[in-house]
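Each remark here refers to the structure printed beneath this line.
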Amino acid sequence: MGNEMSLGEWARTALGACAIAIVAVGCRPPEKLSPPLDEVDLEKVFAERRDAIRTLSAKVELAIYDRARNKGGRVSGTYLVGPGNEFRFRTLGGMGSVLFDMAVREGMLRLSVPAKQRFVEGAINDVPESRKEMSYLLLKELGGKLLFVPKLRDDRAHRVRFVTGGRNYVISSQEKSGPLWKVRREAWVCRSDNTVEKILFYGPRGVFIGKVQYFDYGVIEGTNVPCAKRILIENATGSRRIEFLIEGIKANADLAAEKFHVPDPDAPDTVRMRIYDLFEAGQGLWPEGD
2 MGNEMSLGEW ARTALGACAI AIVAVGCRPP EKLSPPLDEV DLEKVFAERR DAIRTLSAKV
62 ELAIYDRARN KGGRVSGTYL VGPGNEFRFR TLGGMGSVLF DMAVREGMLR LSVPAKQRFV
122 EGAINDVPES RKEMSYLLLK ELGGKLLFVP KLRDDRAHRV RFVTGGRNYV ISSQEKSGPL
182 WKVRREAWVC RSDNTVEKIL FYGPRGVFIG KVQYFDYGVI EGTNVPCAKR ILIENATGSR
242 RIEFLIEGIK ANADLAAEKF HVPDPDAPDT VRMRIYDLFE AGQGLWPEGD
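Numbered according to our numbering, the sequence shown terminates at residue 291, and the numbering increases by one at each position without gaps.
Here is the structure:
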């Protein structure tokens with residue numbers, strides 16, 4: 002689909018995988034809210050769902066498209082979450098070759114792109130401060146188990162209730178900031194089944210950055226935890242999109258520690274990069290700009 006993608010696009014895609022909070026949609030218009038809105042602790046609801054998940058594995062088909070550059074691609078892979086919230090996302094290209102292999106454990110990232118002979122490693126906190134607006138949040142705040150069940154800040158004293166299209170929502174906002182960046186994360190929770198339908202991101206001065214939408218709900222086998230089977234990430238203009246199709250989700254199986262280790266590259270001429278250098282080179286995880 003389109004031209005061959007560069008290291009930057011695939012690196013963005015690999016890291017952008019962390020943007021998937023695989024939770025929710027398929028909300029049906031409720032006839033009434035039960036229990037009443039002000040009696041439901043949504044923060045507790047989402048925490049209990051996360052606690053019900055010890056480990057996770059899923060098959061993922063991933064598509065990325067850049068309309069401005071007429072570039073795109075589609076790959077399949079596996080996503081694993083370990084008991085310590087470590088996670089690994091490994092995708093395959095043509096003939097079953099590894100396209101990219103990424104793991105995050107205890108705040109450290111390792112990303113291998115064998116076809117491009119690149120290997121990236123470093124602490125997530127090493128992302129340059131000037132690049133942290135969307136990239137840092139998607140990687141650190143929505144990684145691992147949070148991809149499936151996001152963390153929700155629910156201050157009921159300042160909760161916003163919104164009704165549209167016959168659906169009742171609670172809008173939960175959370176701000177993250179640093180010396181040079183600021184992002185507001187706005188989660189829309191559908192009250193018919195307390196699932197996240199979309200997450201909107203706003204930058205400094207309230208400028209809309211992008212959104213994540215969740216579709217086609219199901220329940221993870223062996224749990225009562227709802228999970229989206231399709232997730233769509235778009236930038237502010239919709240010109241750049243990342244879409245995930247999720248299937249074969251399994252929870253609470255024993256996963257060995259070595260499953261979360263990305264091996265060192267075999268090729269002797271592989272170029273090694275720090276995560277700081279990756280972001281400074283403009284190859285962050287979010288497709289920025291038009």
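Heads up, the beta-carbon is just placed ideally off N, CA and C, and yes, glycines get one too. Quick caveat, the model's predicted, so the values are computed rather than measured.
Separation of residue j from residue i, as counted between CA atoms
i, j, result
"arginine 75", "threonine 92", "10 Å"
"serine 173", "asparagine 195", "12 Å"
"glutamate 235", "arginine 119", "26 Å"
"glycine 85", "glutamate 49", "16 Å"
"glycine 179", "proline 266", "34 Å"
"valine 161", "proline 115", "47 Å"
"glycine 123", "leucine 147", "21 Å"
"lysine 45", "glycine 94", "40 Å"
"glycine 144", "tyrosine 277", "19 Å"
"valine 128", "methionine 274", "12 Å"
"valine 99", "glycine 166", "44 Å"
"glycine 249", "leucine 63", "14 Å"
"serine 187", "glycine 207", "Reading off the sequence, residue 187 comes out as glutamate, not serine. Using only the alpha carbons, I get a separation of about 11 Å."
"valine 272", "leucine 279", "12 Å"
"arginine 70", "isoleucine 210", "19 Å"
"glycine 73", "arginine 185", "29 Å"
"glycine 97", "threonine 79", "13 Å"
"glutamate 259", "leucine 233", "30 Å"
"leucine 246", "aspartate 270", "35 Å"
For residue i, the first and last residue of its enclosing alpha helix (DSSP H)
i, result
"leucine 43", "43–52"
Sequence-distant residues of the same chain with beta carbon closer than 6 Å to residue i, five excluded per side
i, result
"glycine 223", "Ala252"
"aspartate 102", "Arg91, Ser113, Val263"
"arginine 242", "Tyr66, Glu235"
"phenylalanine 47", "Val150, Leu153"
Boundaries (first-last residue) of the beta strand (DSSP E) holding residue i
i, result
"glutamate 244", "241–252"
"glutamate 235", "227–236"
"lysine 199", "196–203"
"asparagine 169", "168–178"
"aspartate 67", "57–67"
"leucine 256", "Here leucine 256 belongs to no beta strand (DSSP E), and DSSP marks it neither H nor E."
"glutamate 187", "183–191"
"lysine 117", "Lysine 117 -> no beta strand (DSSP E), and no H or E assigned at all."
Own chain partners of residue i with C-beta closer than 7 Å, once the 5 adjacent residues on each side are dropped
i, result
"glycine 83", "Thr56, Leu256, Phe261"
Closest by C-alpha distance to residue i, when choosing among the options
i, options, result
"alanine 237", "Gly249, Tyr203, Ile247, Pro115", "Tyr203"
"alanine 254", "Glu44, Val41, Lys45, Ala59", "Ala59"
"valine 164", "Arg185, Lys152, Ser193", "Ser193"
"glutamine 214", "Ile221, Ala69, Ile200", "Ile200"
"glutamate 107", "Thr79, Ile125, Tyr80, Val220", "Ile125"
"aspartate 52", "Ala64, Met109, Val150, Ala104", "Val150"
"isoleucine 54", "Gly73, Glu87, Arg70, Leu233", "Glu87"
"alanine 268", "Lys117, Tyr80, Lys72", "Lys117"
"valine 1", "Lys152, Arg68, Leu81, Lys72", "Nothing in the structure corresponds to residue 1, since the chain is present only between 2 and 291."
Local Cβ density within 10 Å of residue i, reported as buried at 16 or more and exposed below that
i, result
"serine 77", "exposed"
"glycine 239", "exposed"
"glycine 42", "A small correction: the amino acid at residue 42 is aspartate; glycine does not occupy that position in the sequence shown. Aspartate 42 comes out exposed."
"leucine 16", "Low per-residue confidence applies at leucine 16: pLDDT is 47, beneath 50, and the placement is therefore not dependable enough to give any value."
"alanine 104", "buried"
Closer than 7 Å to chain D by CB, residue i
i, result
"isoleucine 54", "Looking for chain D here will not work: only one protein chain is present."
Close Cβ partners of residue i (< 8 Å) along its chain, the five nearest in sequence each way excluded
i, result
"arginine 154", "Glu44, Ser173, Ser174, Gln175"
"valine 226", "Arg50, Ala53, Ile54, Phe149, Val150, Val220, Ala252"
"methionine 109", "Glu122, Gly123, Ala124, Ile125"
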